[in-house]
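S.K.:
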Amino acid sequence: MITFFLVGLTVHIVFFLSIFDIYFTSPLVHGMPPHATLLPPPASRLILIVADGLRADSLFMPLHNGSSRTPYLRSIIEEKGTWGVSHTRVPTESRPGHVALIAGFYEDVSAVAKGWKENPVEFDSVFNQSRRTWCWGSPDILPMFAKGASGDHVYTHTYPAEEEDFASTDASRLDTWVFTQVKSFFHSAKSNSSLKAYLLEDKNVFFLHLLGIDTNGHAHRPMSQQYLNNIGLVDSGVAEVVSIIEEFFNYDGRTAYVFTSDHGMTNWGSHGAGHPSETLTPLVVWGAGVQTAQRATDPQPYIDEYLQDWKLEEIRRVDVNQADIATLMASLIGIPIPVNSVGVLPLPYLNNTDHFKAQSMYTNALQVLEQFKIKMSQRKDTTLSFFFTPYQLLTDQLDCLDLNHLLKLVRLSFVSHQVSLCQSLISHALEGLVYYHTYDRFFLGCSVVLGFVGWTSYVVLLILKTHASLIRNPSILRQVRIPNHTLARVFMCLAVAIVAFLLVQKSPMTYYIYCLLPVPVWYSVLKESGTLTDLIHSAPSLPLWKCLSYFLLVALGVELLVVSFFHRAMLTLGLAVLSLWPFVCGIFGRSKLRSLSWFFSCLCLAVFPLMPVMGRESNIHLMLHVVVCAYVPFLTHSSLQQKQGLPLLNQIISWTTLASSLLVPLLSSTRLFHRLLSILLSLTATYLLLSTGSEALFPPALSWLMYVWINIEQEAMLAQGVPGRQELSTIDFSANIDISKIRQLKLDDIRRSYFFVFFIITAFFGTGNIASINSFDPTSVYCFLTVFNPFIMGGLMMWKVIIPFIIVMCTFETIQVVTQLSSRSLFLIVLVISDLMALHFFFLVQDYGSWLDIGTSISHYVIVMSMTIFLMLLSVVTHTFTSQRLALWRRPKIHFP
């Protein structure tokens, strides 16, 4: 059992990690020379202002009386600058948003997972290419650009991390701190000759990171007065800083300004997914080299209704992709475009000669083509020549195009032809980068699928061999069985051939794991071919119609679970169908009360997926604890609303409850009812502290259904003629299992295993779509902490997710005891069902369409694979949780004469 557990865990970890090599590898390449426009730039310095978490509509939408809450930026849009919407990509988080803005490329999800503050892969940026960069703002954002820069020319000024407190009176003080520091910096530079000399040089960048809007949005929601007032404060702060900067540089007209946001925010105060409120961010650019406000063509090429709502339909709007902003900033101050940038220069923002625009586009094309050449060279070096297939569309174009001829077109001012040709080259080069980045995806995918199918086949054969009563025929077995030594030699030769092939192609080490794993798996499958022969021999004695109906129902059930990942309401449909099970299977006639209880508990739980995303005397002390924990969130949120901060007593109660939730149940009796009630009350107390609304009722509703399930499984066994029913009150988890009473698998055990998987998925999605980062709500953890800490907050939210899992797992452990079935046999069926779902999601993974679709398809596969691995580990934990008991003290035995 231990060997199988370790092997299964290893196989699933490999399958899980494969998705990162197939879809989550870094797109960056290195070794490209930088390219800059050789003509004199229009600006000597750049001011980049990023209002973290600012939605486009929050900035552009006028007030009801027709005025604006941002009068300064509104005047820039209407008179002095160019405006538009910057379209971000998921995940709409601060780190990838700033990487796109400043480095010009869209960071892959693995980089976000590997390092929140550190750089998993060093990259080039506008800051790195500048002469000097001064930054003010959050300690979560600024250090990663300073570390990635070559030399010591990026200077960061951050406030303490403790200042990012969601419970603070007003988070706008974070932005006030930035504005104050910037004003103090330029004031002190007037009397500091060396600093002033640095500031008067060209190619300097000043970065203001404003986190107050994002923090207020998380704490109070984007429609709150705190969020909206913070936007007004930013507007006045920008106006004051611009005035100070212009005065310092004696109004030389050589300063360019870029105001934008890294991501938006949903109405409920979260971000991370692809809703327009998160992906549409404002962009306002003005100053040196920037086109002033232009009258719009009628109509503008935007089919959305935002222009009418924003009252800006008469002013030309120029939308960009977020990565384009880095290219624009580099062009304005004449520095090389970041070598990893995939942005395309938005020409309508430039106010310069046609020759300058053409030269800038030529530089942009060279910079992107350098990445394409490096990527193609790397792929060619690691692929056998007769297997290598180049990206033909761009390869043919480069063969017939002389870049010197293109430069000549620039010098001859054939602007329109040259610009369109450069844009075509950039478009094809970006497609070629994706082509070579995903070059091995099909090959690796086939290897993983082959391993998947082999592993699932092996588990099925193992179930049939050890847990099913098949008719065995040794004579037939000897005739069809391949000798083990012959089989081993064949697979050994196959493994050597695979290794040789990968060595010649200089493949990464992980490729060896993915390609070699199917070899031992399929060797094990073919070794068990005799079991398949036994199944065929036993077929005449099996109720084939019943087998087919079971397998058909399970297949439909698996499809329902797959669809539930996209539409939570499918869980409601599933629970409604499950509620009819006792009436269909004849259990209602044996136990009307339990059947009705099952019916109503299923319908009660079915309500939760339709909601918005978002005992004994020994347990009296736990019930009191639940009451206290129900009051603590109310007291905490009341205190936060009154701007009094997080009460220390509440924080102590919350952390003590969390720490003791796994210990307290182990102090109770191991009898079934005592232990399950202790687990429920202890975990419910913690769940209440992490709840903000109706989801607090989910664990009791789930527990009611789980307890009914335990009872009704006994009736199901009696209905099938299985004797030996044991009263629940007499069952003790810690009692030694009578091996002689352990029975073989029956068809109904497939139904039990499917119920378990269904309830696990219901526990997962019952109160929200936690497959998305977007479902994270910081208010859920306010009883524990209010200072921003992504790891602790994420850990608390993960524990909230795990609590319903534990309830279902403990129930499944009880079902195994009640039905007198080996825990291994039921779990093997669960493993097959989970792997079928994982394989289904593997085929649904896509690298086309919207970024939300791509991210969602990948996250579903990761969730199912994580769930399979997690259940294997959690089964061990729940066994300990139900059967072990801690004795802190023992009552002395009294001897009577």
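Counting from 215, one number per residue, gives the positions in the sequence shown under the working numbering.
The C-beta atom is built at its ideal place from N, Cα and C for all residues, glycine as well.
Smallest Cα separation from Ser599: which of Gln719, Leu252 and Arg435?
M.R.: The sequence position of residue 599 within the sequence shown is 385, counting from 1. If we check each option's Cα against that of Ser599, Gln719 comes out closest.
S.K.: Three-state secondary structure (DSSP) at Ser300?
M.R.: As a first step, residue 300 must be located in the sequence shown, where it is residue number 86. Of the three classes helix, strand and coil, the one that applies to Ser300 here is strand, per DSSP.
S.K.: Helix, strand or coil, according to DSSP, for Ile529 in the structure here?
M.R.: The sequence position of residue 529 within the sequence shown is 315, counting from 1. The three-state secondary structure of Ile529, taken from DSSP, is strand.
S.K.: For the alpha helix (DSSP H) that contains Cys707, what are its first and last residues?
M.R.: Against the sequence shown, residue 707 aligns to sequence position 493. Here the alpha helix (DSSP H) through Cys707 covers Asn698 to Val718.
S.K.: Give the secondary structure of Trp350 by DSSP, where H, G and I count as helix, E and B as strand, and everything else as coil.
M.R.: Mapped onto the sequence shown, residue 350 falls at position 136. In the structure shown, Trp350 sits in a strand (DSSP, three-state: E or B).
S.K.: Looking only at its chain, what residues have a beta carbon closer than 6 Å to the beta carbon of Tyr737, apart from the 5 residues adjacent to it on each side?
M.R.: Translated into positions along the sequence shown, residue 737 becomes position 523. Excluding positions up to five away in sequence, the list reads Phe705.
S.K.: Can you say whether Lys168 is buried or exposed, counting buried as having 16 or more other CB atoms within 10 angstroms of its CB?
M.R.: The chain is shown from 215 up to 1111; residue 168 falls before or after that span and cannot be answered.
S.K.: Do the CB positions of Ser555 and Lys417 come within less than 9 Å of each other?
M.R.: Start at 1 with the first residue of the sequence shown, and residue 555 comes out as number 341. Start at 1 with the first residue of the sequence shown, and residue 417 comes out as number 203. No; because the gap between Cβ atoms is not below 9 Å, this pair is not in contact.
S.K.: Kindly indicate which residue of Glu321, Val299, Trp297 and Gly503 has the alpha-carbon position closest to the one of Ser308.
M.R.: Here residue 308 is taken as the residue at index 94 of the sequence shown, counted from 1. Closest by alpha carbon: Glu321.
S.K.: Thinking C-beta only, is Leu494 closer than 9 Å to His301?
M.R.: Within the sequence shown, residue 301 is the residue found at index 87, counting from 1. Within the sequence shown, residue 494 is the residue found at index 280, counting from 1. Yes, they are a contact pair.
S.K.: Is DSSP giving Ile801 helix, strand or coil here?
M.R.: Residue numbering aside, residue 801 sits at position 587 when the sequence shown is read from its first letter. Three-state DSSP puts Ile801 in coil, outside helix and strand.
S.K.: Rank Phe359, Thr480 and Ile547 by C-alpha distance to the C-alpha of Ala502 and give the top, closest one.
M.R.: Here the question's residue 502 lines up with position 288 in the sequence shown. Cα-wise, what sits closest to Ala502 is Ile547.
S.K.: For Ile261 and Val419, I'd like the C-alpha separation in whole angstroms.
M.R.: For the purposes of this step, residue 261 is taken as the residue at position 47 of the sequence shown. For the purposes of this step, residue 419 is taken as the residue at position 205 of the sequence shown. Approximately 6 Å, taken between the alpha carbons.
S.K.: Write down every uninterrupted run of the alpha helix (DSSP H) in the segment 458-497 whose length is 4 residues or greater and which is fully enclosed by it, in chain order.
M.R.: Within the segment 458-497, the runs of alpha helix (DSSP H) that reach at least 4 residues and sit entirely inside it are, in chain order, 490-493.
S.K.: If you draw a straight line from the alpha carbon of Ala820 to that of Met1051, how long is it in whole angstroms?
M.R.: Position 606 of the sequence shown, counted from the first residue, corresponds to residue 820. Position 837 of the sequence shown, counted from the first residue, corresponds to residue 1051. Computed Cα separation, rounded: 22 Å.
S.K.: Assuming the contact rule is C-beta atoms closer than 8 Å, Glu492 and Thr724 should be a hit. Round their C-beta distance to whole Å, please.
M.R.: The sequence position of residue 492 within the sequence shown is 278, counting from 1. The sequence position of residue 724 within the sequence shown is 510, counting from 1. About 33 Å separates the two Cβ atoms, so there is no contact after all.
S.K.: How about Ser805 and Ile727: do their beta carbons lie closer than 9 Å?
M.R.: Counted from its first residue, the sequence shown places residue 805 at position 591. Counted from its first residue, the sequence shown places residue 727 at position 513. No, the pair does not count as a contact, with Cβ atoms beyond the cut-off.
S.K.: Distance, Cα to Cα, Asp523 vs Met275?
M.R.: Locating residue 523 in the sequence shown gives position 309, where the first residue counts as 1. Locating residue 275 in the sequence shown gives position 61, where the first residue counts as 1. Each residue's Cα considered, the two are about 7 Å apart.
S.K.: Going by alpha carbons, who is nearest to Lys571 out of Leu701, Leu919 and Gln637?
M.R.: As a position in the sequence shown, residue 571 is number 357, starting the count at 1. It is Gln637.
S.K.: List the DSSP bridge partners of Ala265.
M.R.: Within the sequence shown, the letter at position 51 stands for residue 265. According to DSSP, which records beta bridges pairwise, Ala265 is partnered with Leu424.
S.K.: Closest to His371 by C-alpha separation, out of Leu388, Pro722 and Ala510, would be which residue?
M.R.: If you number the sequence shown from 1, residue 371 lands on position 157. Leu388 is the residue among Leu388, Pro722 and Ala510 whose C-alpha sits nearest the C-alpha of His371.
S.K.: Exposed or buried, which one is Leu526 when buried takes at least 16 other CB atoms within 10 Å?
M.R.: Numbered from 1 along the sequence shown, position 312 holds the residue referred to as residue 526. That one is buried.
S.K.: So what's His781 in DSSP terms, helix, strand or just coil?
M.R.: Within the sequence shown, residue 781 is the residue found at index 567, counting from 1. The three-state secondary structure of His781, taken from DSSP, is coil.
S.K.: I'd like to know if the segment 894-905 and the segment 992-1007 are in contact, where contact means that at least 3 CB-CB pairs between them fall below 8 Å.
M.R.: yes
S.K.: Leaving aside the five residues before and after Glu454 along the sequence, list all residues of the same chain whose C-beta is less than 8 Å from its C-beta, in chain order.
M.R.: Reading the sequence shown from its first residue, position 240 is the one you call residue 454. Phe393 and Lys397.
S.K.: Suppose the cutoff is 6 Å on Cβ atoms and the five residues either side in sequence are ignored; what does the same chain contact list for Leu497 look like?
M.R.: If you number the sequence shown from 1, residue 497 lands on position 283. So the qualifying residues of the chain are Gly298, Ser300 and Thr474.
S.K.: Which residues bound the alpha helix (DSSP H) around Tyr901?
M.R.: Reading the sequence shown from its first residue, position 687 is the one you call residue 901. In this chain, the alpha helix (DSSP H) harbouring Tyr901 covers Leu886 to Leu903.
S.K.: With a cut-off of 8 Å on the beta carbons, I'd call Ile233 and Ile1072 a contact; round off their distance for me.
M.R.: Numbered from 1 along the sequence shown, position 19 holds the residue referred to as residue 233. Numbered from 1 along the sequence shown, position 858 holds the residue referred to as residue 1072. Indeed, because the Cβ distance is near 7 Å, the residues count as touching under 8 Å.
S.K.: Report the option in Leu789, Gln585 and Thr284 whose CA atom is closest to the CA atom of Phe337.
M.R.: Taking the sequence shown and counting its residues from 1, one reaches residue 337 at position 123. In this structure, Gln585 is the residue among Leu789, Gln585 and Thr284 with its C-alpha nearest to the C-alpha of Phe337.
S.K.: Roughly how many angstroms separate the alpha carbons of Ser852 and Pro861, rounded to a whole number?
M.R.: Sequence index remark: in the sequence shown, residue 852 carries index 638 (1-based). Sequence index remark: in the sequence shown, residue 861 carries index 647 (1-based). Ser852 and Pro861 have their C-alpha atoms roughly 10 Å apart.
S.K.: For a minimum of 3 consecutive residues, which ranges assigned as the beta strand (DSSP E) are wholly contained in the segment 216-298?
M.R.: 259-265
S.K.: Report the three-state DSSP secondary structure of Val821 (helix, strand or coil).
M.R.: Counting from one through the sequence shown, the residue named residue 821 turns up at place 607. Of the three classes helix, strand and coil, the one that applies to Val821 here is coil, per DSSP.
S.K.: Could you check whether Met575 and Val633 sit closer than 9 Å to each other, using their CB atoms as the reference points?
M.R.: Mapped onto the sequence shown, residue 633 falls at position 419. Mapped onto the sequence shown, residue 575 falls at position 361. Going by C-beta atoms, Val633 is nearer than 9 Å to Met575.
S.K.: Please report how far the alpha carbon of Ile867 lies from the alpha carbon of Leu876, in whole angstroms.
M.R.: Position 653 of the sequence shown, counted from the first residue, corresponds to residue 867. Position 662 of the sequence shown, counted from the first residue, corresponds to residue 876. C-alpha separation (whole angstroms): 15 Å.
S.K.: With a CB to CB cut of under 8 Å and the five nearest residues on each side skipped, what residues in its chain are close to Phe602?
M.R.: In the sequence shown, counting from the first residue as 1, residue 602 sits at position 388. These residues qualify, in order along the chain: Arg593 and Lys594.
S.K.: From the DSSP output, in three-state form, read off Leu564 for me.
M.R.: For the purposes of this step, residue 564 is taken as the residue at position 350 of the sequence shown. In this structure, Leu564 counts as strand in the three-state DSSP scheme.
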